[in-house]
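**Student:** Going down the list, the sequences are from chains A, B, C and D.
In terms of my numbering, the first sequence opens at residue 1 and continues consecutively.
In terms of my numbering, the second sequence opens at residue 1 and continues consecutively.
In terms of my numbering, the third sequence opens at residue 1 and continues consecutively.
In terms of my numbering, the fourth sequence opens at residue 1 and continues consecutively.
Glycine included, every Cβ here is placed at the ideal spot set by N, Cα and C.
Have a look at the structure that comes next, please.
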Amino acid sequence: MKKLINSPDTVVTDALAGVAAAHPSLAVDIENKVITRAGGPQAGKVGLISGGGSGHEPLHGGFVGHGMLDAACPGEVFTSPVPDQMLAATKAVNGGAGVLHIVKNYTGDILNFQMAAELAEDEGINVVAVVTNDDVAVLDSLYTAGRRGVGATVFVEKIAGALAEEGAGLDKVAAVAREVNDRSRSFGVALTSCTVPAAGKPTFDLADNEVELGIGIHGEPGRTRGPLAPARDLAAAALDAIGADLPLSGDLLVMVNGMGGTPLLELYVVFNEVQRYLAGRGGRVARSLVGNYITSLEMQGFSVTVCQLTDELTRLWDAPVDTPALRWGR
Amino acid sequence: MKKLINSPDTVVTDALAGVAAAHPSLAVDIENKVITRAGGPQAGKVGLISGGGSGHEPLHGGFVGHGMLDAACPGEVFTSPVPDQMLAATKAVNGGAGVLHIVKNYTGDILNFQMAAELAEDEGINVVAVVTNDDVAVLDSLYTAGRRGVGATVFVEKIAGALAEEGAGLDKVAAVAREVNDRSRSFGVALTSCTVPAAGKPTFDLADNEVELGIGIHGEPGRTRGPLAPARDLAAAALDAIGADLPLSGDLLVMVNGMGGTPLLELYVVFNEVQRYLAGRGGRVARSLVGNYITSLEMQGFSVTVCQLTDELTRLWDAPVDTPALRWGR
Amino acid sequence: MHADVFRAWITAAAAIIEEQRDHLTQLDAAIGDADHGINLARGFTAVLSALDTAAPATPGAVLTLTGATLISKVGGASGPLYGMAFRRAGKALGDTADVDLPALAAALEAALAGVQQLGAAREGDKTMVDALAPATGAFSKAIAEGASADGALAALVEAAQAGAVATISMQALKGRASYLGPRSVGHEDPGAASTALILGALRDAALASP
Amino acid sequence: MHADVFRAWITAAAAIIEEQRDHLTQLDAAIGDADHGINLARGFTAVLSALDTAAPATPGAVLTLTGATLISKVGGASGPLYGMAFRRAGKALGDTADVDLPALAAALEAALAGVQQLGAAREGDKTMVDALAPATGAFSKAIAEGASADGALAALVEAAQAGAVATISMQALKGRASYLGPRSVGHEDPGAASTALILGALRDAALASP
Ligand SMILES: Nc1ncnc2c1ncn2[C@@H]1O[C@H](COP(=O)(O)OP(=O)(O)O)[C@@H](O)[C@H]1O
Ligand SMILES: Nc1ncnc2c1ncn2[C@@H]1O[C@H](COP(=O)(O)OP(=O)(O)O)[C@@H](O)[C@H]1O
Ligand SMILES: [Mg+2]
Ligand SMILES: [Mg+2]
Ligand SMILES: [Mg+2]
Ligand SMILES: [Mg+2]
C-alpha cells in the first residue's frame, strides 16, 4: 500500500489538522471530528449538516461555508460517522431555526443519523433529515437497501444551502433538498479499485481490460463488469442507465466527477462525450461541474450526475458560494 | 493502459472540446489548440499567455480568465506546444500593450516560445518572455539545462495576471512575474509513475516500497530514490531541499500540489506536516493552496511550492480571479 | 453469573474480534466495503477502556456501557446495530447482580428485537440477524427443555455458527451487500460471522465462571 | 541528385522513424519523458502530406518545407532543432536543381550549425549533436579525400551510428536527460539515435538514385 499518510489510524485526524491549517474560514474540532464555519451559528438561519465516511473528499468538509453547508462530520475512511459527531455538529450550527441533516442512503449513515436526530430532538432541536438516493446502478426495490446516495448530494448541499442562506424556513429548505434529489440521477464507472488505509489491500480486483459498471463510492461492486472501452462508450453506458430512469431533455445540471485518481484531462474527455450524448437527445447542459467532487480515495474512474433544472433551481445553483471546493460570486 | 480516452491521438483535442463545452467563459480553438477568454483581447491590457505539454491540467487552460491568463496553448501530452500555437495565442490576446510569455524552463518550451516570439516580433507585437525555474531538485549549473519550471508557474500566472488586470505595463508585469519566480522554490515526490497515452506503458518503474524524490512533472527522474516513508518524513525531505535554497521564515504562500492520482485526503495530511515543519522554522503560512494544480497525468505523489510573500505580492494574490481552476473575489 | 463474567465476555469478544479483524474485513471486502473488522476492532478497543474507567458494577451496566460505547465509536451499520443489541440486553438485565440462564436468554431475545427494530432485517436477509436469531432461539429452547448451562451455551454457539455459514448461500436483501443482488450469493456475511464470534466468547466466559 | 532523391530521403526517414517509433520512445523513457519517437513520427507524417500537397520542385525547397513542417508539428526540443536543421540545409542548397556531394556536405554542415546555434549543445553533451557533428565531419573529410559517393555516404552513416553509440557513456549536459546528472550515463541519447536513422535514410535514398 502506497499512501501519503503517517499511519492508517491517524489519517483522518491528520487530514483534519491540515484542513484547519489550510482554511481559516473553517473551525475544525479535530478530536470530535466536526468541521463548522468559523463564524459559528447564524441566528434565525436553518443549519445544514452532512457527514459520511472519509475518503470522498472534498465531500463533505470541502463544502462547508457561505451558501452551502454549516457543518460536516467525517467518519473513519468509508465508515459513516457516529451519532456523537452528528449531535455535536447539530448543536454547533443550530441558530434556532432548526437543522437539516443531509444523509446519503447507506444503512450505516441512515442508522447513525437517525440516532443523532433522536438525541438532538431530546435537546429540543428541530431536525429534519433528507436522504439522497440518486445512484441508478442499484435497483430501488424491496430486495436492496435502496439506491445509494452519491453525486446528487453535492447538488443538494449547494442548492439547499443557497435557499437557507436566503433565510428560508426548515420545511422549505428540506423541500428543495428533496426536489433536487428527486430530479437527479447518477451512475459510476471504475477503472481501478482503491485501498482503505486500515485494510492495506485493494477492496476488489479488476483485470487490466475490465471496468466495473455501476461502482459505488466505497468500492461496492456495481451492476456488471465489462471490457475496457473508449470513453465514448463508457459515457454512453452511464447515460443509458440514467436515461432509463430520468428524461434527459431540457435544461440540465451535469457533473462529470472523478473518483480521485483520474486525471482532469480524462474527465474533460468524458464530459465532451456526455454533452454530445445529451445534445443528441435534446438535453442542454445549462450548468456543469467537471472535477473531483465526491471521490473514492485513489480509485480511477468517473461518475456522471444529471439534474433536471428548473428556473428556481438554476437561480439557487448560481447563488454565491464560498467553500474550499466550490466557490463563486464572492 | 487503463485510461478514459477514445484514442491516444485524439485525447488532447477531445479534452479541449470538453473544456469548450464546460466553460462558456472560454473560447477554445480546438484545431489550433488555443484557449482564450471568450471576451477577446482587452485594449490597453497586457496579454498573458502560457503553454506547455498537456497532462498537467488544470495548468494552463484552467487558469485562463479574469485576473490570470489571457490564453493558454496546450501541446501534445508532455510535449511543448509548437510556435504556430503560441503565435496564434499571442495575436489573439494582443490588446496593443504587448504580450507576456510565461515559459516553464524546459528546452522544448524555451525553443518553441523563442521561435514564436521572433515570429510575433516580426508582426510588430511586443513580447517579453519570463522563464520559471523553481524546481530545486535540479541543480542550476552548467551541467544541466537548469532548474525546471514547476509549481511557481501557478503563482506567477496568478500574481502577474492580477497586476496586468490593474492596467500595469508589460515591463512591470514581467518584473513581478520574475520576482515571484525568484522568491519561489519547489520540490516533488512521486509514489507511482504515469503512462503517456501514446506510449502505452509507464514512463518509469518504482518498487512498491520506493519513492522518487525530486520527480519532474513529466516523470523525469529526480535526485534519488528512497524508501516509502511516512508523510511527515516525505514532507520534511521536500522542505529540507527547498530550505537549502530559500529562507523559510516570514509570511509564505504555500502550495501542496497533487500529481493527479493522489486523494485530497492525503494532500491535507501532507499540508499538515508542511505547515508544522514551517512553523518550527519561523515560517508562517499566510496563504495556501491544497489540491491538484500542476499534475502529471495519473501519477501519485505531491509537490510543495513555497513563495516568500511581500505585502504587494499578497495583495495581488488576494485580488479577484475567475478561472475554471482558481476563483475568488467574483 | 455476576458482572465479572460479563466483563470476561466482552474482554474475550474484544480479543477474538482483534484476532479475526482482517478475516472479517476480507469478508466485507467481498460483498461490502472492507471495513467490518476494522470497525469492530476499533469499537471493542474503546469498550475495554470504557469498562476499565467506569468499572460498572452490575451485568446490566456492563452491557449497557458496551452498547453505548459501540454506538459512539464504531459508526457504519454495525455500530448502531451492535450498540443497540448490547444496550437492549443490558436494559433487559436491569440491576440484578447475578444473572441466571433464563435471564440471559431474555436479554439475548431483547438484543435481537433491538437489532430487528432498528435495521428491519428479517431472517434470510443475509445479515447478523441470521446468526443472532437462530442462536437466541436455540438457546431459549435448550433452557426450556432443561438443558445444562454447557448444553444451552453449546446450542447457542452451534446455531450462531450454522446461521453464519448459512448466509453463504443467501442473497443479501439488506445492507451494502444487497447492492450486489445475486452476486452476493457465495460469500459469508461479515456481520453474521462477527456475531458467531461474539457469542462464542460469551460461551467461553460463562463456562469459565465458577 | 535532384528533388526526387531528397523526397525519397524524407520518405525513407519517415518510414524508419515510424518503424523505430517505440524504440526511440523507450530510449526517451529511460532518460527523458518517453515521447521522442511519438514526436518525430507525428512530425514526419505531417511532412509527408505537406510534401504531397506542395510538391516542391527543388532539393532546397524539399528540405525547407520539411523543416518548417517539423517546427509546426513536432513541439518538444526535437521539433525546433530538427526543423532548424532541415531549414538551414534547405537554404544552403539554394535553388540548385541538381545537388552534388560537396553541396550536400555544405548543407549538412549548415544543419549542424543551425542546431548548435539554437540549442547551444557542444559535442559530448549527449545530444543529437553527438551524431550529427561526427557524421558531417566524416562526410566532408571523405569527399575532400576524393571518396566515391558510396564511400562518403558510408562514412557519414558509420560516424553517425558510432556517435550515437558513444552517447551511451556520456553524462547529459543539455536537455531533459541532464536532470539525471550521472544517472544519465549508460543510456543512448534518443535524439542521437534518431539522427543516425535519418542519415541512414539519406544514404539509402542517395545510393538508390541513378
Ligand atoms: N439492516 C440491517 N440489519 C441487520 N444487520 C445489518 C443491516 N445492514 C447491515 N447489517 C450488518 O452489518 C454488517 C456490515 O457492517 P459494517 O461493514 O461494519 O458496516 P458498513 O456496511 O456500514 O460498512 C453486514 O455484514 C450485516 O451483517
Ligand atoms: N540543447 C540541445 N541541443 C541539441 N539537442 C538537444 C538539446 N536538448 C535536447 N536535445 C535533443 O532532443 C532530444 C529529445 O527530444 P524530444 O524527446 O522529442 O523532446 P523533449 O525532450 O522536449 O521531450 C534529446 O535526446 C536530444 O538529442
Ligand atoms: Mg463502511
Ligand atoms: Mg516531451
Ligand atoms: Mg463495511
Ligand atoms: Mg522527450
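Note down, in chain order, each residue of its chain lying with its Cβ closer than 7 Å to the Cβ of B/A164, except the 5 sequence neighbours on either side.
**Tutor:** Counting only Cβ-Cβ distances below 7 Å, and skipping sequence neighbours, we find K45, V46, L48, V173.
**Student:** If you measure between the beta carbons of A/E157 and A/M255, is that distance less than 7 Å?
**Tutor:** It is not a contact, given that the beta carbons lie outside the stated cut-off.
**Student:** Keeping to the same chain, check which residues put their C-beta closer than 6 Å to that of A/A27; ignore five residues upstream and five downstream.
**Tutor:** Within the same chain, A/A27 has close Cβ partners T36, A38.
**Student:** Taking the alpha carbon of D/A192 as the reference point, which residue from D/P210, D/A208, D/E123, D/S140 has its own alpha carbon closest?
**Tutor:** Cα-wise, what sits closest to D/A192 is D/E123.
**Student:** Assign B/F155 to one of three DSSP states: helix, strand, or coil.
**Tutor:** Reduced to three states, the DSSP call for B/F155 is helix.
**Student:** Give, in chain order, every unbroken run of the beta strand (DSSP E) that is at least 3 residues long and sits entirely within the segment 87-149 of chain B.
**Tutor:** Those beta strand (DSSP E) runs which fall completely within the segment 87-149 of chain B and span 3+ residues are 99-104, 127-132.
**Student:** For the segment 118-197 of chain D, list the alpha helix (DSSP H) runs that are entirely contained and at least 4 residues long, ordered along the chain.
**Tutor:** 129-144, 149-166, all fully within the segment 118-197 of chain D.
**Student:** Kindly indicate the opening and closing residues of the beta strand (DSSP E) around A/R284.
**Tutor:** That run of the beta strand (DSSP E) goes 283-291.
**Student:** How is the beta strand (DSSP E) around A/V256 delimited, first residue to last?
**Tutor:** That run of the beta strand (DSSP E) goes 250-258.
**Student:** For the segment 209-228 of chain A, enumerate the residues whose C-beta is nearer than 7 Å to any C-beta of chain C, in chain order.
**Tutor:** Result list: G216, H218, G219, E220, P221.
**Student:** Taking the alpha-carbon positions, what's the D/A120 to B/G108 distance?
**Tutor:** Taking the straight line joining both Cα atoms gives about 13 Å.
**Student:** Determine the chain A residues that contact C/A77 at a beta-carbon separation under 7 Å, and present them in chain order.
**Tutor:** Within chain A, the residues near C/A77 are T107, G108, L111.
**Student:** Tell me the rounded alpha-carbon separation between A/N133 and A/L246.
**Tutor:** Roughly 13 Å between the two C-alpha positions.
**Student:** Is it buried or exposed, B/P83, if we count other Cβ atoms within 10 angstroms and call 16 or more buried?
**Tutor:** Under this definition B/P83 is a buried residue.
**Student:** Residues of chain B with CB under 9 Å from D/I71, in chain order?
**Tutor:** Ordered by position in chain B, the residues that pass the 9 Å Cβ test against D/I71 are V82, P83, D84, N112, M115.
**Student:** Return no unless some Cβ of chain B is closer than 7 Å to the Cβ of A/R284.
**Tutor:** Answer no: the Cβ-Cβ gap between A/R284 and chain B never drops below 7 Å.
**Student:** Please look up how many angstroms separate the CB atoms of A/I215 and A/A190, rounded, as I've assumed it's under 8 Å.
**Tutor:** Yes, A/I215 and A/A190 are in contact; Cβ-Cβ is about 4 Å, under 8 Å.
**Student:** Taking Cβ positions only, does D/D189 come closer than 7 Å to chain B?
**Tutor:** No, D/D189 lies away from the interface with chain B (no Cβ there is under 7 Å from its Cβ).
**Student:** In or out: A/Q308 buried (at least 16 other Cβ within 10 Å) or exposed?
**Tutor:** Buried, by the Cβ-count rule.
**Student:** Mapping DSSP to helix, strand and coil, what is A/D29?
**Tutor:** Looking at A/D29 - three-state DSSP - the assignment turns out to be strand.
**Student:** Does the distance from the C-beta atom of B/S303 to that of B/N272 stay below 7 Å?
**Tutor:** Contact flag unset, no.
**Student:** According to DSSP, which residues form a beta bridge with A/R351?
**Tutor:** Coverage of chain A is limited to positions 1 through 330, which leaves residue 351 of chain A absent and any answer about it impossible.
**Student:** In angstroms, rounded to a whole number, what distance separates the CA positions of A/T203 and A/C194?
**Tutor:** About 6 Å.
**Student:** How do the segment 24-36 of chain D and the segment 48-65 of chain D stand: do at least 3 beta-carbon pairs fall below 8 Å, yes or no?
**Tutor:** No, they do not touch.
**Student:** Applying the criterion that 16 or more other CB atoms from any shown protein chain within 10 Å of the CB defines a buried residue, is B/R330 buried or exposed?
**Tutor:** It is exposed - the Cβ of B/R330 has fewer than 16 other Cβ atoms within 10 Å.
**Student:** Could you name the residues of chain C that A/T79 contacts, counting a contact when the two beta carbons are closer than 7 Å?
**Tutor:** The contacting residues are D35, N39, G75, G76.
**Student:** Tell me which same chain residues have a C-beta within less than 7 Å of the C-beta of D/Q277, skipping the five on either side of it?
**Tutor:** Outside the displayed range of chain D (1 to 210) lies residue 277 of chain D, so it cannot be described from this structure.
**Student:** Please say whether C/T136 and C/L118 have beta carbons closer to each other than 7 Å?
**Tutor:** Going by C-beta atoms, C/L118 is not nearer than 7 Å to C/T136.
**Student:** Using a Cβ-Cβ distance cut-off of 7 Å, determine whether B/V306 contacts chain D.
**Tutor:** It does not: the Cβ of B/V306 has no partner Cβ on chain D nearer than 7 Å.
**Student:** Just the chain B side, please: which residues come within less than 8 Å of A/N32 by C-beta, in chain order?
**Tutor:** Chain B residues near A/N32: none, gap ~18 Å exceeds 8 Å.
**Student:** Kindly identify the DSSP beta-bridge partner or partners of B/W317.
**Tutor:** Answer by DSSP bridge pairing: none, since B/W317 is not bridged.
**Student:** Using a Cβ cut-off of 7 Å (strictly closer), state whether C/G124 contacts chain A.
**Tutor:** Closer than 7 Å: no.
**Student:** Are there any heavy atoms of ligand 3 lying less than 6 Å away from the beta-carbon of C/D33, as far as the coordinates show?
**Tutor:** C/D33 Cβ: within cutoff of ligand 3.
**Student:** Within a Cβ cutoff of 8 Å, which residues of the same chain sit near C/G186, ignoring the five residues on either side of it in sequence?
**Tutor:** Excluding residues within five positions, the ones whose Cβ falls inside 8 Å are I168, S169.
**Student:** Let me know the secondary structure DSSP gives C/S78 once reduced to three states.
**Tutor:** Helix at C/S78.
**Student:** So, is the C-beta of D/G146 closer than 7 Å to a C-beta in chain B?
**Tutor:** Chain B, which has no Cβ nearer than 7 Å to the Cβ of D/G146, makes this no.
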